[in-house]
Structures are given as structure tokens and as C-alpha cells.
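Below is one structure, written out as C-alpha cells; comments come after it.
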Amino acid sequence: MKTQITSMAANLPLVLAVALFAVFAVGLDNFASPQNTYANLQSFALLGLITLGLSMTMLVGEFDLSVGSMVAVAGLITLKVGGDDLVTGALVAMAFAFVVGTLNALVFVWLRLSSLVVTVGTMIALSGFAYWLAGGKIISTDNFDAGAFWDDAILGIFSARSLLTILAFIVMAGILKFTRLGRDMVATGSSTHAARACGVSIGRVHLFAFVLSSLCAGLAGVLLSISLATASATMGSNLLLQAVSAAIIGGVALAGGIGKPSGVFFGVLILTILNNGLSLLGASSAAILLTNGLLLLVVVVIDGKSGALLQIVRSKGLTRQA
Amino acid sequence: MKPEIPFAQKHLTGLNKVAIFSAWMMATATLSVTTSFSANAAAKDAKVILLTVSEECEYCSRHLQSFRQKAQEEGISLKVKITNFDPAEQASQVDQAIAERPDAIVLWPADASAIVPSLRKIKSAGIPLVVTNSLPDMKYSKFWDVYTGPNDKASGGSAAKAMEQGFNEKGYGEAGDVFLVVGVPGTPPQIGREEGFKQGLAADAPGIQIKGAQPGNWDQTKASEAASALFTQFGTKVKGVYAQADNMMAGVIVAAQRAGIDPSKLVLVGSNCSIEGVTAIESGTQYATVLQSPVQDGEYAAQAVVDLLNGKKPENVRYLPQQIITKANVSECNAAVGR
Amino acid sequence: MTSVIGDLIKQSVQGDRIQVNGIKAVSLLLIIWGYFSVENFLTPANLSAIMYSVSAIGIAAVGMAFITLSGNLFMLSMAATAALSTIVFASTLHFGLPVALLSVSVLGILIGSIQGLVVGAARVNPIIATIAVASIVMGIGSYISGGMTVIGKGDASWLGIGKFASLVPNQLVIFLAFAIAANYWVERTRFGRELRLIGLNPITAAYSGIRVPRTLVIAFVVAGFSAALAGGLFASQASQGNLKMAAGLDFDAIAAVLVAGISIRGGQGKIIDAVYGAIFLALIGNLLLVHGLSFEIQLMVKGAVVVLAVIVAALIARGKVR
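Chains as they are written, first to last, in this note's numbering: chain A, 1 to 322; chain B, 323 to 661; chain C, 662 to 983.
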């Protein structure tokens, strides 16, 4: 019975995504067209990277609030440093994201603060830095070719950007499944004390999660700025809310220890499909806001309940293993 | 200094071919596409997509209303997509819109710079395009068919004229100190209006000195804080204020009242003819505003798309009039505020 | 038993006074510096400008302090609640100012109690739950107002620009009265002791017979009410309501709470500290403005102050642990 519940919970995002797609495909003329699928995958690419990174911090039982402002800073660095040479800009931006992720983890481990507090600080500092970088302007480049490279349709529905995002999900799933580090992450999220007792290096796990989250957000920012040929200090400011929603819808527990890249994948798809479908229906922004808010609320309430349930299941599983 | 971009142009033609080819591939793939692919469809029953920025701002929703009404009169079948000023979301909405293969797209850029790659995509998909309200850099003007909307520099210039006129009327002569409350730094209207205002004063009324400027971020509360500080800084020496939007001017008026300054003694010049400004001008606390009617803005955009669909070729850029409004002619704002 | 708990609370409170006392001292220094560096700094006009800028944000900060003290971090729906209440305020003003204030209060209590039930009774993560509620409230707001500014037909000048004894703005009087009453309530009543104990350790609190859900619902009701009241103050400025009006209120209230050293871990700090935090931030904001510094610099300085305060708080807490 319990295993049934867990397997159902694990497959729920997939089932929901397929159902949602089917409903819109039947109800809306253009929804299932290759061009609209391409558009859907483009939105997926942006949100997917950020959510993937964020969900890894959630998996180890922490949270990274700074991903939204990281997107803006990474985009600004790409264009400010790179100018028309966007490769250099992108490399510098990614190096910066790496440093920020490391700092997040170090401050978190040293000061023994809640990661929410540390990353609130980083969020504010990064957003200030972004305003300083932008200097009250919108930074743009005339290099549209790079954007075209990442965004031009491949096989009708994909683009280099969306393929890269899908690849990132596959790699992450592999890391979690086949490496020691991946298993340590799940263990840390389930119970830090138990994991430490089993000889897991908690610091290393946290470092990995925060660096990953920062790098994913940074990459999303780099690609966004290249694709828009523009960067500004407010870019990506509302991505955090969507990323949290997508992760939770994708079955990542806020309490940590539960969550799979495959679930997150479908969580992001659900949100993307929903917003695309609503927008094709001509829904007002009020309706879209309401739907997203209600969806998130319902999902967290269920998460609160099933989270408690799953915790019981899991703790039994752990004791059995031990 | 930005480098010139001949190489981008060169690549564009190549890309055009690729895009047209892939568009053709898509066209054969989906049946619905072929029907709407005929060139020069008449406006009646034409499928038009309007991508706009927000419903949660007075100006934006009036713009939308008037566009919708005009489109309805012409028998256009209209679809609207809204972004909440998010350029990333708008870029993906443009992808969606292209996917729907409409007869024309009308676009209010959430960000006049970030929109350029999307404009390029629409162009290479061969869909007629009207850009409304926010003018991208003119060096990309080949990417759109028509721009309709405000001329922010001219708006700032009209505000400078109104300031000069107010100085005379209130007996301050030709010299005195003023300050500015501006919109979100870096947004095109903020830059354009400030530039136009400064140039206007320098040319026609060099005695009127701009002592300071702070952003009010198009927000009444922020504007009132900014104005409070500026009144503190310059005290009673201030003779006039230019706020780049009437709702920010409402904040300036509150700040003046709180600082014990009678706002009707100042030359207060706002912008846009929004309801806050009209009310304040009628009651005499605000001296003038610059008419920029969202209703006209929406109508111009709708007219442009109708002209395009009917096979006419409207001029590439069409500006709204930027008239000075004072108590004498405040009724001309009525259409703008929907009275 | 109760005296043991009482002593425990007293100790923890006294040990945690360093930061708020520091803030008071720095505020005093700022005033002195302002007096010497800015010509018109201590004029009645500028003082009343500071008083106005602190009132609404201060009220929200007091409400936020209830949430932080209860161990539920932050309420991220305050800006949305305040925005909706500016609309409600303006559209009920023709019944008179008391009716407008009453409707706003009812609205705030309603929104607060929903969140209290979701977080306190259903045990949902407060950050996520309040984000979800924020987008629902904004959705409702934009549905009601259609994005338009609502012009109130009535007189709100008593609240907007009125002064008590033609000296102190009525807004400030309301703010201080609210803050003092709230502080007394938390310091001297059973509710306050329970709130603090829940913040210190919710599990122990539940086992020792404390009415956890009830207390949390009350805390959220207070916070919702204060957000709505802040919205009323904003709307009274020009008898207008608009969804954009209270933007940034969440951040300002959080900043006031963090700067004042109210512990993010819950249970430690006083409600009145939030007042000092708000005053401190209003002083800094005013000084940056009257010095004519650019927007980016203002943002960076405020961000840096908050980050610094968080780090200082963590160091103090760490020193105490050792």
C-alpha cells in the first residue's frame, strides 16, 4: 500500500503533464503544432535550467533564493565583458557563478545559518551588483548570430538551447543515480545527522549543491542574454517563483531528501504547458496569476500532507537498510 | 560607442533564406497554415495577434481597450497575449505567436532593446509587424513595418514649454530653480523625456535651472519620497517640478503639502493626462500635463495594422501628438481618461 | 515550571539586545551626521518627510515581526495584501474614512487568517504558502481593478496629510500606537509567551500543551491586518488605489526586521525592535536621497546594510553558542 502511494507520487508529474498536453491538444487548434511545441520547449529551456539547479539545493534540504538575481548578473557580465565576443563573456559569467555558489556554501557552512538567510543576503547583494553593472541602462549587443545559433529550430521542435537543457537533466539524473555523491545528496537531505553518522561529508555535498544551483542559474542567464541580445538588472526577477512551483509540482519535497530530475523535468513541463495553453486561450494576466497561485497553494498543501506521510515511509526504509 | 554592423546584415539575408525555407517546411507539415498564408489579406476577418505588456497599469489597459474596440469595428479577429513587462516571457510569446501564423502581429515591446532579436524572427517569418508605444533603436527599423506611439523627446520638449509658460503665468519671470522626478532609470521614456526637457529649457528658457533629479520609478509612493528629499535639499527656492508621469506628480503634490508648501504656487508639470493629473489640474494644484493619450496610442496601432492588411503602406514611424494641457483645455484629456 | 521557562526567555532576550542597541546608536550618529552634512536636515519639513516614510513600512515591519518571532521566517504576501487594500480603501472611501479603514482591516484579517490556517494548521512551508497567496491576491486585485487606478470619492486627508496637534503626522501616531500595543501584547500576555515558545521550538511547544495552530493563526492575522493597514496609509496619500502602490513593501519590512536583529530562527527579539529597524532604514534612505545619490547607489547601500546586519547577527549568535 505504501509503496503504491510512493510510486504514484513519483509518476504523478508525468501523468499530469501528459494529461494537460492532451487536454490542450484536443481543445486548442494550434497547440500541438510543431511551431508551438518549439515555443513551449523554448520556455522550458529557460525555466528548466534554473529549476534543475534549485531543486538540487532542495534535495539536500536547503534552498537557494539567489538564483533569480544570478540570472541577471550572469547575463550582464556576458554582455558587458564580452561585448560582441560572447564566448569570453559567457566564460567569465560562468566563472563568477561558480565563485558565488562556492561563497554561498562556505558562508552557509561556516556561519551555520539557515540557507534561506544566507541566500537572501546573496540575492540582495547580487541584485545591487546587477544594478551597478547595468548602471541604469539596458546593455545590448549587435551579435545576433550567437542567439540564432542557440535558438534556431532543430528538427522542427528543438533548439540548441532546449537540447542543452534536456542534456543537463539527463546528466544530473545520471549523477544522482550512479555516483556516490548523488546518493550522499539524497541521504543528506533525508537526515543530515544520519548521513553524517554514515560517513557522508556533508560540507562537500552542500558545496556541490550550491555550486550546481549557481551554475545552472548562471547558464540560464548567459543563454537568455545571448538569445535576447540584451541584459538588464531586472531580468529573471520573477523566475524564482516559477522555479519553486515547478520543483514542487515535480515532486521535490521542501523538507529535502525527495526529488528526481525526471520529476522536475515534468514539473517544469506542466507549468510551461499550462501557461502556454492559458495564453493561447487568451486568458488575462489576472487569470494566469490566479491559476499559478492556486496551483502552487494546492501543491504545497498536498506536499505538506504527503511529505509527512512519505517521511514515515522513508524512515522505515532507512531503518531496514541500517 | 557601438560598432557598426554590416556583418549582421550580411548574415541576415542568409538567415532569411533558412527561415523562409523552414517556414515552407512547416507550412507543408500543418494544414491550417496554408490557408492563412495568402499575402495581402483584407483587414476584415484577418487574424491579428497583439502582444502587450500588462493589464495592471492604467495606461496599458486603456491602450488595450481602445485597440480592441477599433479592431472589433474593422472585423479583425484579435488575440491578445500579455507579459507583465517580462522580456524573456515576451520572447517566448513571440515564438508562440509566429507559430500561430497570424496575418499580422502588433507588438508593445516589454523592453525596446531585448525585443530586437524577436523582431528579426517575425521579419524573417514574413509576418507584417506593427510596433507600438516603445520605439526600438532606429538602426533596426528594417525589422518592422510601422511604429506608432509617443515621441518621448517631443513630450519632454512640450513639458519644457509648459514650464516656461507657467513661470510667466505665475509671475516668476524667466529664471528659477526646478527639479525632476523621473521614471525607472534606463527606460526609454525616462531617457527621452529627460533629454527633451533639458534641451527644451536650454534652448528657450536658459534661466530655468534644473537643480536635481531623483527616480520615482513611475510609482506614486516612491515619487513622494523622492520629492520630499528634493524639497528638503532645495527648500523654498524651488519654483517648479517636472514629473515624468501624472501619478508621480500626485506623489510630488503630497510631498509638497506635507512639507508645508502650497502646490498651487509651484509650476507643476506632469505627463500623460492620466486621471490623477486631470483631477489635480481641475483642482488647481497642478499646472500642466502633456497629453499622451493611451486611447489614441491604441487607435494609432490598430489603424496601422488595418492599413497594412488593406495593402496600404503607412510611413515607417508615426508619432502621437504631444499637446500641452492646462486648466483651460483640460477637457481635451477626457478621451484619454475614458470620460 | 513556568518560572523556569520565564527565566529562559528573559535570558535569551537580554543576550540578544546587542544588535538593536547598536542600531539605536548608529541611528543617533546618522542624525548627527545628517545635521552637519545637510543644510535642511533637521527642519520640520524633512523630519516630517522621514516620519511619513517610516509610518507605513513600520506598521508592516511590526506585522512581519510577529511572523519572524513565531519561527515562520517571513510573510511574502504583504505587498500584495497592501496593494489590494489600496483598491478597497479607494473604492469604499465614499462611505467615509472610518468605513474605508474598517473594510481594509477586514480584508487584511481575512487574508491573514487564510495563511494562518494553511501554515499553522496544515503545516505548509510559510515562504511558499505566502508566495502562493500573494499571486492569488494580486490576481484578484487585477481582476477587480482591471489594472486601473481607482480614485476615491471622499476625504482621506486626515490620514493622508493630517497632523496631530499640528506637529506629528497622524500616520506616525497610528504607527507608534500600534507598535506599542503590539509590543505590550507580546511581552506581557500568555499569547506572547506562547508565540515566543513556538518560535524557539515548535515541537517542544506542542508537547507542553501550547495551542500552536491557534497562536500561529493569530500571528498571521496580525501580520495580514498590518499589511492592509499599511495599504490604507498608502491609499490615503491622494485618496487613490492602484496595484503598483505597495511594491517593495515585503522587502522593506524584512529589511527592518533583519537589521533590528530579530532572530530569523524565531523566538528571540522584541516587536518594538522592528520599529527601530524601520526608523534606521528610513534615516539611511532619507540621507542617501537628500545627498542626491543615484538610484543604484541607494539600492546597493541598503542591500549592503542588510547583508552586514545578517552577518553580524550570525556572528553574535555564534559567539553566544560557544
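Every residue, glycine too, gets a C-beta built ideally from N, C-alpha and C. All figures in this text were calculated on a predicted structure; none of them were measured in a lab.
Determine, using beta carbons only, whether residue i comes closer than 9 Å to chain C.
{"i": "A/THR291", "result": "yes"}
{"i": "B/PHE389", "result": "no"}
{"i": "B/SER463", "result": "no"}
{"i": "A/SER140", "result": "no"}
{"i": "B/LEU630", "result": "no"}
{"i": "A/SER279", "result": "no"}
{"i": "B/TRP430", "result": "no"}
Across which residues does DSSP place residue i in a beta bridge pair?
{"i": "B/ALA535", "result": "B/LEU502"}
{"i": "B/LEU451", "result": "B/ILE427"}
{"i": "B/LYS369", "result": "B/SER399"}
{"i": "B/THR470", "result": "B/THR454 and B/ARG640"}
{"i": "B/ILE646", "result": "B/VAL612"}
{"i": "B/THR374", "result": "B/ILE404"}
{"i": "B/GLN564", "result": "Here the sequence assigns Tyr to residue 564 of chain B, which means Gln is not the residue at that position. Note: B/TYR564 sits in a beta bridge opposite B/LEU502 and B/VAL591."}
{"i": "A/PHE149", "result": "Answer is none; A/PHE149 lacks a bridge partner."}
Below 9 Å between beta carbons: does that hold for residue i and residue j?
{"i": "A/VAL222", "j": "A/GLY75", "result": "yes"}
{"i": "B/SER388", "j": "B/GLY620", "result": "yes"}
{"i": "C/GLN901", "j": "C/VAL811", "result": "yes"}
{"i": "B/PRO439", "j": "B/SER456", "result": "no"}
{"i": "B/ALA565", "j": "B/LEU502", "result": "yes"}
{"i": "B/ASP433", "j": "A/LEU228", "result": "yes"}
{"i": "C/LEU957", "j": "A/TRP132", "result": "For the sequence presented, residue 957 of chain C should be read as Glu rather than Leu. It is a contact, given that the beta carbons lie within the stated cut-off."}
{"i": "B/VAL659", "j": "B/SER596", "result": "yes"}
{"i": "C/ARG979", "j": "A/ARG112", "result": "yes"}
{"i": "C/MET739", "j": "C/ALA884", "result": "yes"}
{"i": "C/LEU877", "j": "C/ILE864", "result": "no"}
{"i": "A/THR165", "j": "A/LEU241", "result": "no"}
{"i": "A/LEU176", "j": "A/LYS260", "result": "yes"}
{"i": "C/ILE945", "j": "C/VAL971", "result": "no"}
{"i": "C/ILE718", "j": "C/ASP913", "result": "yes"}
{"i": "A/LEU86", "j": "A/VAL120", "result": "no"}
Under 9 Å, Cβ to Cβ, is there at least one residue of chain B near residue i?
{"i": "C/SER955", "result": "yes"}
{"i": "C/ILE812", "result": "yes"}
{"i": "A/PHE158", "result": "no"}
{"i": "C/PHE941", "result": "no"}
{"i": "C/LEU704", "result": "Per the sequence shown, residue 704 of chain C should be read as Thr rather than Leu. It does: the Cβ of C/THR704 has a partner Cβ on chain B nearer than 9 Å."}
{"i": "C/MET739", "result": "no"}
{"i": "A/GLY267", "result": "no"}
{"i": "A/ALA134", "result": "yes"}
{"i": "C/SER714", "result": "yes"}
{"i": "C/ASN707", "result": "yes"}
Would you say residue i faces chain A, with C-beta separation under 9 Å as the test?
{"i": "C/GLY946", "result": "no"}
{"i": "C/SER803", "result": "yes"}
{"i": "C/MET906", "result": "no"}
{"i": "B/ASP433", "result": "yes"}
{"i": "C/LEU877", "result": "no"}
{"i": "B/LYS544", "result": "no"}
Using C-beta distances below 6 Å, list every residue in its chain close to residue i, excluding the 5 sequence neighbours before and after it, in chain order.
{"i": "B/LYS401", "result": "ILE371"}
{"i": "B/GLN542", "result": "ASN569, ALA572 and GLY573"}
{"i": "A/VAL277", "result": "What sits at residue 277 of chain A in the sequence shown is Gly, not Val. Once the five neighbours on either side are set aside, the close Cβ partners of A/GLY277 are PHE24."}
Ignore the nearest five residues each way along the sequence and tell me which others in residue i's own chain have a CB closer than 8 Å to its CB.
{"i": "A/ILE248", "result": "LEU254, GLY267, LEU296, VAL299, VAL300 and ASP303"}
{"i": "B/ASN490", "result": "GLU496"}
{"i": "A/ASN30", "result": "ASN36 and LEU280"}
{"i": "B/GLY529", "result": "GLY495, GLU496, ALA497 and GLY498"}
{"i": "A/GLN42", "result": "ASP151, SER159, ARG161 and SER162"}
Below 7 Å CB to CB, which residues in the same chain sit around residue i once its five sequence neighbours on both sides are set aside?
{"i": "B/ILE398", "result": "ALA365, ALA368 and VAL370"}
{"i": "C/GLY695", "result": "PHE702 and LEU948"}
{"i": "C/ARG872", "result": "GLU855"}
Touch check for the stretch 609-617 of chain B and the stretch 586-597 of chain B: three-plus C-beta pairs under 8 Å? Yes: the two stretches touch, three or more of their Cβ pairs being nearer than 8 Å.
Counting Cβ pairs, one atom from each stretch, are 3 or more of them under 8 Å apart for the stretch 10-26 of chain A and the stretch 257-267 of chain A? With three or more CB-CB distances shorter than 8 Å, the stretch 10-26 of chain A counts as touching the stretch 257-267 of chain A.
Under 8 Å: do the stretch 834-848 of chain C and the stretch 912-924 of chain C share three or more Cβ pairs, one atom per stretch? Touching, no, given that fewer than three Cβ pairs across the two stretches are closer than 8 Å.
Taking 8 Å as the cut-off, does the stretch 183-195 of chain A touch the stretch 74-92 of chain A (at least 3 CB pairs, one atom from each stretch)? no
Report yes or no: do three or more beta-carbon pairs, one from the stretch 97-106 of chain A and one from the stretch 137-153 of chain A, lie closer than 8 Å? no
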